[in-house]
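Okay, structure first, notes after.
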Amino acid sequence: MVVLTRGRNKESPPLKPGQQQQSPGASPRGGRGRPPHSPGRQVPGGARAMRKGGGGRRGARGDPQRPCREGPAAEGLRDVLGRGPLRLLRGCRDRLGVFVDDRKASIVKADSKIWLTFLLAAFAGVLHWCHITTLFENDRHFSHLSTLEREMAFRTEMGLYYSYFKIIIEAPSFWNGVWAIMNDRLTEYPLVINTLQRFNLYPEVVLASWYRIYTAVMDFLGVPTKMCWTVNRGKGLSPVESCEGLGDPASFYVAMIFLLNGLMMSLFFIYGTYLSGSRLGGLVTVACFFFNHGECTRVMWTPPLRESFSYPFLVLQMLLLTYILRIPNINTGSLIALCVSNIFFMLPWQFAQFVLLTQIASLFAVCIMGYIDSCKLQKILAAHMVALVVCFILMFGNSMLLTSYYAASLVVIWGILELSPKVLKSSRREVYVWVIEGCAWLFGTVTLKSLTSLAFGIADDAHIGNILKSKFIGYKDFDTLMYTCAAEFDFMEKETPVRYTKTLLLPVVLVVLGVIIKRAIKHLMWSLSQASQCEREERFNQGELVYHALQLLAYSVLAILIMRLKLFLTPHLCVMASLVCSKQLFGWLFCKIQPKTLVFAILALMAIEGSANLQTQWNIMGEFSNLPQEELLEWIKVNTRQDAVFAGAMPTMASVKLSTLRPIVNHPHYEDAGLRPGCSMPEIWDVEDPANSGRVPLCTLMSKDSRPYFFTVFENSNYRVLKIPRE
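Residue numbering for the sequence shown follows the working numbering, beginning at 2 and increasing consecutively.
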């Protein structure tokens with residue numbers, strides 16, 4: 002019999018005549034059941050080796066001359082072999098049973114850990130869903146608004162996006178609705194446009210199909226989907242009908258958005274857990290997100306924006322990418338999952354391509370420094386290329402995808418990986434090779450993007466480059482001023498880093514980033530030496546951490562230039578904060594202090610300011626009301642023909658199209674070159690028309706006396722409708 006001890010084997014006395022030999026690992030008290038075994042490696046004779054530090058397996062100290070496999074169990078095996086094949090089969094069966102039991106115990110233990118992780122992730126998701134739902138309801142009292150008021154609450158481009166959801170669900174059939182938005186005559190009158198090509202509307206198509214299926218099934222089962230009542234608004238206002246439940250289109254729409262963003266928080270917990278190697282890391286990520294919630298997302302204030310649908314899939318994509326960077330060999334399933342997540346990230350949002358540009362640039366830098374091989378990077382690039390082509394097809398040939406910096410960069414990096422070994426014929430350990438490849442990527446990407454845009458005659462994304470120029474050299478034109486006059490497109494506020502510091506998010510991440518940079522520099526110095534490849538890998542072979550550090554720097558630059566892009570920086574800071582629990586980075590510290598003690602101390606300090614931030618959000622109470630616009634929309638419905646065409650301020654036009662379904666000539670979606678010069682802001686238009694700068698704007702003259710070119714047909718405290726007289 003072999004009894005498990007700490008690191009040594011002990012021999013049992015020889016068997017008495019007629020006594021049955023116990024299987025290895027059986028209970029010494031003679032019971033039938035075997036005690037559960039902790040996972041470990043099997044060694045010959047049934048003994049289990051226990052490793053501590055760098056020590057190897059050790060034999061029995063009581064008999065150092067005898068090899069480990071020459072214990073009583075081995076003697077029993079020889080006895081079985083000598084007594085016939087039946088005993089041999091029984092012995093093999095017993096040993097196989099022990100092996101299976103050990104594996105079962107290991108699998109059950111692993112499964113219990115996985116299920117615990119998923120359970121905690123689900124709890125985090127439900128918590129975030131409740132949080133953003135409550136904030137949205139508190140801000141607008143959405144459940145008690147009328148249908149018209151709910152539509153007005155979706156201002157600017159939010160109303161434009163929601164209008165296509167409304168068109169599909171009100172059409173005679175789903176496919177009639179899809180055909181209507183693919184042959185849209187209302188949005189840019191008199192043009193007929195395919196809005197699926199122009200406006201990233203697949204989220205509305207999917208949600209409209211779900212809504213139609215949901216209501217059809219509930220109607221078939223006879224289950225009510227909404228409850229309606231009359232709301233008395235007081236102050237001389239007419240009562241309105243308000244409906245609550247998933248059968249109400251607006252309620253269904255925002256509920257699905259909030260559900261998706263609840264799942265996003267579950268992904269963040271799994272992401273932080275996997276990156277740090279500890280569930281404490283997932284806890285840190287989720288806690289940091291909540292403590293800095295106002296800096297992380299605005300889904301609770303603006304649900305229909307494209308980022309609300311798109312960003313959760315970026316979190317999934319980066320989690321998959323982390324897994325791919327960490328494993329030695331990529332399997333096909335991982336690449337397919339990465340490709341699909343890329344598609345779901347790009348389809349809903351026109352800005353996604355710029356984020357993915359920073360990602361592949363960071364990956365290219367990681368490859369240049371030798372943390373991942375070029376073969377793995379090429380497989381990742383292939384997944385990106387396939388996703389880009391699929392999105393191009395699904396968006397009916399949206400030219401902005403193929404003429405983007407992202408597409409150009411994919412092609413250039415692929416070419417560098419293919420040609421560099423043949424042209425330079427030098428080891429990647431040479432610094433000048435890194436410089437040449439980096440410059441080739443930058444020059445090649447800009448050149449190829451310019452050539453493709455020129456070849457296809459595309460200028461729809463030219464304003465992006467102009468905005469970047471305005472940040473560095475003070476360039477101004479109508480487009481850049483239209484963007485930068487809005488606070489979200491200005492430079493990052495000076496208070497933002499202060500808020501990060503108060504919750505300790507920034508200090509913790511700076512410590513983590515400093516450790517990664519320090520170890521990466523040591524690795525680079527080592528790799529530039531003449532050490533062998535094996536020795537270099539043993540120094541610091543954690544390419545996924547270097548990638549996350551580079552990605553953080555890229556997000557920081559974007560957020561500093563354009564404040565709206567804090568959406569990417571702040572959540573990534575929360576993910577990086579999880580690495581404070583990483584044994585790879587802070588194992589030396591955990592030898593002196595328990596990881597749980599350190600983590601909970603940090604979270605306690607974070608909670609001081611974090612809880613105050615949450616309380617500030619919970620204290621926001623309001624109720625949506627816009628009586629002047631309500632009067633305008635009701636007047637348009639009653640007093641104008643269905644084919645009456647409207648033009649005006651872009652936010653107002655979105656509401657006119659959504660609530661009255663009248664044709665409009667301009668709208669808030671700003672990604673088309675043909676629409677941008679048509680907007681009227683006098684102080685900005687002076688840049689385009691300096692000869693008339695300082696003169697009284699036409700709109701001001703029209704507000705005083707619109708005759709003879711127009712005459713006023715409606716007017717209230719905020720709005721005036723001017724009609725062109727017929728000749």
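Using N, Cα and C, we set each Cβ at its ideal position, and we do this for glycine too.
**Q.** Unbroken stretches of the alpha helix (DSSP H), 4 residues or longer, contained in the region 131-169
**A.** 148-154
Q: Report the rounded CA-to-CA distance for Leu197 versus Arg141, giving the unit in angstroms.
A: In the sequence shown, residue 197 corresponds to position 196, counting from 1. In the sequence shown, residue 141 corresponds to position 140, counting from 1. The straight-line gap from Cα to Cα measures roughly 30 Å.
Q. Counting pairs of beta carbons, one from the region 183-191 and one from the region 211-224, are three or more of them closer than 8 Å?
A. no
Q.
Below 8 Å on the Cβ atoms is my contact criterion, and I expect Phe355 with Ser311 to pass it. Report the Cβ-Cβ distance as a whole number of Å.
A. Reading the sequence shown from its first residue, position 354 is the one you call residue 355. Reading the sequence shown from its first residue, position 310 is the one you call residue 311. Rounded, the Cβ-Cβ distance is 12 Å, inconsistent with contact.
Q. When you compare only the Cα positions, how much space is there between Cys376 and Asn343?
A. By 1-based counting over the sequence shown, the position of residue 376 is 375. By 1-based counting over the sequence shown, the position of residue 343 is 342. Going from the Cα of Cys376 to the Cα of Asn343 covers about 20 Å.
Q.
Is the separation between the beta-carbon of Leu514 and that of Met607 shorter than 8 Å?
A. If you number the sequence shown from 1, residue 514 lands on position 513. If you number the sequence shown from 1, residue 607 lands on position 606. Not a contact, by the Cβ cut-off of 8 Å.
Q: Grab me the residues of Ile517's own chain with a C-beta within less than 6 Å of its C-beta, minus the 5 sequence neighbours each way, in chain order.
A: Within the sequence shown, residue 517 is the residue found at index 516, counting from 1. Excluding positions up to five away in sequence, the list reads Leu546, Ala550.
Q) Taking just the CA atoms, how far does Leu315 sit from Leu358? A) For the purposes of this step, residue 358 is taken as the residue at position 357 of the sequence shown. For the purposes of this step, residue 315 is taken as the residue at position 314 of the sequence shown. Going by the C-alpha atoms only, they are around 13 Å apart.
Q. By Cβ distance, which residues of its chain are closer than 7 Å to Pro204, with the 5 residues on each side in sequence left out?
A. Numbered from 1 along the sequence shown, position 203 holds the residue referred to as residue 204. Around Pro204: Phe310, Pro349.
(Q) Taking its Cβ as the centre, do 16 or more other Cβ atoms sit within 10 Å of Asn399, making it buried, or is it exposed? (A) Here residue 399 corresponds to residue number 398 of the sequence shown, with the count starting at 1. Buried is the call here.
Q) Anyone know if the C-beta pair for Thr274 and Gly283 falls short of 8 Å? A) If you number the sequence shown from 1, residue 274 lands on position 273. If you number the sequence shown from 1, residue 283 lands on position 282. Cβ atoms of Thr274 and Gly283: closer than 8 Å.
Q: Just tell me which of Leu146, Tyr406, Trp116, Ala560 has its CA closest to the CA of Leu628.
A: Counting from one through the sequence shown, the residue named residue 628 turns up at place 627. With distances taken between Cα atoms, Leu628 lies closest to Leu146.
Q) Between the C-alpha atoms of His132 and Asn195, what's the straight-line distance to the nearest angstrom? A) Here residue 132 refers to the residue found at position 131 when the sequence shown is read from its first residue. Here residue 195 refers to the residue found at position 194 when the sequence shown is read from its first residue. Their backbone Cα atoms lie some 37 Å apart in a straight line.
Q: Over the uninterrupted alpha helix (DSSP H) stretch that includes Phe601, give me the two end residues.
A: The residue given as residue 601 occupies position 600 in the sequence shown. Per DSSP, Phe601 belongs to the alpha helix (DSSP H) from 596-619.
**Q.** Whole alpha helix (DSSP H) elements within the region 365-421, 4-residue minimum
**A.** 375-395, 400-403
(Q) Here's a check: name, in chain order, each residue in its chain whose Cβ is nearer than 8 Å to the Cβ of Val432, leaving out the five neighbours to either side. (A) Numbered from its first residue, the sequence shown carries residue 432 at position 431. These residues qualify, in order along the chain: Leu529.
Q) What residue from Trp619, Gln360, Ile328 has the CA that sits closest to Leu553's CA? A) Position 552 of the sequence shown, counting from 1, holds the residue named residue 553. Checked all of Trp619, Gln360, Ile328; the closest Cα to Leu553 is Gln360.
Q) Helix, strand or coil: which one does DSSP assign to Thr713? A) Against the sequence shown, residue 713 aligns to sequence position 712. Correct three-state label for Thr713: strand.
Q) At what residues does the alpha helix (DSSP H) containing Ser210 begin and finish? A) Residue mapping note: residue 210 aligns to position 209 of the sequence shown, counting from 1. Run containing Ser210: 203-222, per the alpha helix (DSSP H) assignment.
Q: Compute the distance between the beta-carbons of Met396 and Leu402, then report whether it is under 8 Å.
A: Translated into the one-based positions of the sequence shown, residue 396 becomes position 395. Translated into the one-based positions of the sequence shown, residue 402 becomes position 401. Taking 8 Å as the Cβ cut-off, Met396 and Leu402 qualify as a contacting pair.
Q) For Asp249, which of Glu494, Ser363, Lys227 has the nearest alpha-carbon? A) The residue labelled residue 249 in the question sits at position 248 within the sequence shown. Minimum Cα distance to Asp249 is reached at Lys227.
Q: Determine, using beta carbons only, whether Leu306 and Met159 come nearer to each other than 8 Å.
A: The residue you call residue 306 lines up with position 305 of the sequence shown. The residue you call residue 159 lines up with position 158 of the sequence shown. Cβ atoms of Leu306 and Met159: closer than 8 Å.
Q) Between which two residues does the beta strand (DSSP E) harbouring Thr231 extend? A) Here residue 231 is taken as the residue at index 230 of the sequence shown, counted from 1. 228-232 is the span of the beta strand (DSSP E), which, as asked, contains Thr231.
Q | Cα-Cα separation, Cys392 to Ile168 | A | On the sequence shown, position 391 is the one that residue 392 refers to. On the sequence shown, position 167 is the one that residue 168 refers to. C-alpha separation (whole angstroms): 23 Å.
Q) Closest by CA to Cys368, which one among Cys592, Arg708, Gln543, Thr571? A) Residue mapping note: residue 368 aligns to position 367 of the sequence shown, counting from 1. Answer by Cα proximity: Gln543.
(Q) Taking the alpha-carbon of Thr502 as reference, which of Tyr163, Tyr556, Cys244, Gly611 has the nearest alpha-carbon? (A) By one-based count along the sequence shown, residue 502 stands at place 501. When only C-alpha atoms are compared, the closest one is Gly611.
Q. Are there three or more Cβ pairs, one per stretch, closer than 8 Å when the region 567-577 is compared with the region 266-273?
A. yes
Q. Do the region 643-652 and the region 621-635 touch if we need at least three Cβ pairs shorter than 8 Å?
A. no
Q.
Applying the 10 Å Cβ sphere with the 16-neighbour rule, what's the burial state of Glu494?
A. In the sequence shown, residue 494 corresponds to position 493, counting from 1. Glu494 is exposed by the Cβ-count criterion.
**Q.** Span separating the alpha-carbon of Leu320 from that of Ala251
**A.** In the sequence shown, the residue the question calls residue 320 occupies position 319. In the sequence shown, the residue the question calls residue 251 occupies position 250. Cα to Cα, the separation comes out at about 32 Å.
Q) In three-state DSSP terms, what is Asp185? A) Sequence index remark: in the sequence shown, residue 185 carries index 184 (1-based). It is a strand residue.
Q.
Assuming Thr713 and Cys297 are in contact, meaning their beta carbons sit under 8 Å apart, how far apart are those beta carbons, in whole angstroms?
A. As a working mapping, residue 713 is identified with position 712 in the sequence shown. As a working mapping, residue 297 is identified with position 296 in the sequence shown. That pair is no contact at about 46 Å.
Q. Does the beta-carbon distance from Ile187 to Ile665 come in below 8 Å?
A. On the sequence shown, position 186 is the one that residue 187 refers to. On the sequence shown, position 664 is the one that residue 665 refers to. The question names Ile, yet the displayed sequence has Leu at residue 187. Closer than 8 Å, so yes.
**Q.** Alpha carbon of Lys114 to alpha carbon of Ser583, nearest angstrom
**A.** Mapped onto the sequence shown, residue 114 falls at position 113. Mapped onto the sequence shown, residue 583 falls at position 582. The straight-line gap from Cα to Cα measures roughly 17 Å.
Q: Give me whichever residues DSSP pairs with Arg721 in a beta bridge.
A: Position 720 of the sequence shown holds residue 721. According to DSSP, which records beta bridges pairwise, Arg721 is partnered with Glu716.
Q: Identify which residue in Glu150, Phe124, Ala122, Phe269 has its Cα closest to the Cα of Leu634.
A: Translated into positions along the sequence shown, residue 634 becomes position 633. For the residues Glu150, Phe124, Ala122, Phe269, the minimum Cα distance to Leu634 belongs to Glu150.
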